[in-house]
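Single-structure report; data block below.
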Amino acid sequence: MAGHKLAGPQRLSLGHDPIPAFDVRLDEADVEAVAQTLRSGWLTMGPRIEAFEAEFGRHLGVQHAVATSSATAALHLAYLAAGVGPGDEVIVPGITFVATAAAARYCGARPVLAEVLGQHDLSIDPEDVVARIGPRTKALCAVHYAGYAAPMAALREICEAHGVALIEDAAHSPSATVPGEERKLGTLGLAGAFSFFSNKIISCGEGGLLATADDEVAAFARSRRSHAIAATRSATTSWTPASTTVWTSRGRRCCRPGCRASRPTSPSAGGSPTAIGRCSARCRA
Ligand SMILES: Cc1ncc(COP(=O)(O)O)c(C=O)c1O
Numbered sequence: 377m378a379g380h381k382l383a384g385p386q387r388l389s390l391g392h393d394p395i396p397a398f399d400v401r402l403d404e405a406d407v408e409a410v411a412q413t414l415r416s417g418w419l420t421m422g423p424r425i426e427a428f429e430a431e432f433g434r435h436l437g438v439q440h441a442v443a444t445s446s447a448t449a450a451l452h453l454a455y456l457a458a459g460v461g462p463g464d465e466v467i468v469p470g471i472t473f474v475a476t477a478a479a480a481r482y483c484g485a486r487p488v489l490a491e492v493l494g495q496h497d498l499s500i501d502p503e504d505v506v507a508r509i510g511p512r513t514k515a516l517c518a519v520h521y522a523g524y525a526a527p528m529a530a531l532r533e534i535c536e537a538h539g540v541a542l543i544e545d546a547a548h549s550p551s552a553t554v555p556g557e558e559r560k561l562g563t564l565g566l567a568g569a570f571s572f573f574s575n576k577i578i579s580c581g582e583g584g585l586l587a588t589a590d591d592e593v594a595a596f597a598r599s600r601r602s603h604a605i606a607a608t609r610s611a612t613t614s615w616t617p618a619s620t621t622v623w624t625s626r627g628r629r630c631c632r633p634g635c636r637a638s639r640p641t642s643p644s645a646g647g648s649p650t651a652i653g654r655c656s657a658r659c660r661a
């Protein structure tokens, strides 16, 4: 339709139908699944999340898939797990969604913008990455942006040579592979972040996931994704018997009702999880 009007302050006369950036398609099965979830009382972090984590992790071929509230949260957790803190630097591509850089700020770190390869490829430029690595560089985030897979082999080599953690922002690339690499994008670094926001390839309104092969990163993300509460909760907030420890900044604490046992980790561990263990106190959680 000629002269179709777009909503918003700036109206463009395209001379043809606008091509939508995305299109949300939901069928009756999706609506029914939501209704079933609401009826079940598990409004957050229930059995459906566990099933999705297992299925998505299997699909990616990765040991751990940890659901989060967004890819931004997954990036934040990935940076923290990589040890990014105040005064550190995280190298990110100059062209990406703001969350890649903002998550570094959430850790108190400084995002350092590196050039992308050019108009023909919006991926971060490995040569420019090398030029920007300094003593404070703690992590590099490779973004698989808008269909351009970041050059992971070159970036991994650089990260290994400089002792820098390699994180992947795979918000745009669930299930994608590149020639010569069997593993899926988002599983090639220390941790990968996926997005299920409404305009993404797999959409559920809001949501994200951290994928990792590293047991400690997974335990850290599971703990920190929900205020260090490891237990799942139903709408009635009863604790499930399977998970009864929470991580605190000083160690882990049993959260079975009535048990206040606390077993700090070593001071040098700074509260980082090593392994989720059982409560040694009387409750035998
Ligand atoms: C490249 C990239 N990274 C991260 C995000 C953040 O995703 P979320 O909205 O799930 O936090 C987006 C969202 O558009 C994105 O495009």
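Under my numbering, think of the first position of the sequence shown as 377, with each following residue one higher.
A virtual CB, placed ideally from N, CA and C, is assigned to each residue, including glycine.
The structure presented is a predicted model; accordingly, all values stated were derived computationally and were not measured.
Item	Value
Just to confirm my understanding: we take Ile577, look at its own chain, exclude 5 residues before and 5 after, and list those with CB closer than 7 Å. What are they?	Pro550
Quick one: what's Thr413 bridged to in DSSP?	Answer is none; Thr413 lacks a bridge partner.
Ligand 1 heavy atoms versus the CB of Ala490: any closer than 8 Å?	no
Quick one: residues with CB closer than 6 Å to any heavy atom of ligand 1, in chain order, please.	Ser446, Ala447, Thr448, Thr472, Phe473, Ala475, Thr476, Val519, Tyr521, Asp545, Ala547, His548, Ser571, Phe573 and Gly584
For Phe428, does the three-state DSSP call read helix, strand or coil?	helix
Drop a sphere of 10 angstroms on the beta-carbon of His496, count the other beta-carbons inside from all chains shown, and report buried for 16 or more, exposed for fewer.	exposed
Is Val488 buried or exposed, if buried means 16 or more other CB atoms sit within 10 Å of its CB?	buried
Between Ala405 and Arg486, what straight-line distance do the alpha-carbon atoms span, to the nearest angstrom?	44 Å
Tell me the residue span of the alpha helix (DSSP H) that contains Glu533.	Met528 to His538
Using a 10 Å radius around the Cβ and a threshold of 16 neighbouring Cβ atoms, would you call Ile509 buried or exposed?	buried
State the DSSP-derived secondary structure class of His435, mapped to helix, strand or coil.	helix
Check this for me: beta carbons of Ala597 and Leu586, under 9 Å apart or not?	yes
Tell me whether Glu465 is buried or exposed, calling it buried when 16 or more other Cβ atoms sit within 10 Å of its Cβ.	buried
Please name the residue in Asp403, Val460 and Leu390 whose C-alpha comes closest to that of Gly539.	Val460
Enumerate in chain order the residues of its own chain whose CB-to-CB distance from Ala491 is below 7 Å, with the five nearest sequence positions on each side excluded.	Rather than Ala, the amino acid found at residue 491 in this sequence is Glu. Only Gly470, Asp501 and Asp504 meet the Cβ criterion.
Would you list the residues sitting across from Asp393 in a DSSP beta bridge?	Bridge partners of Asp393: none, in fact.
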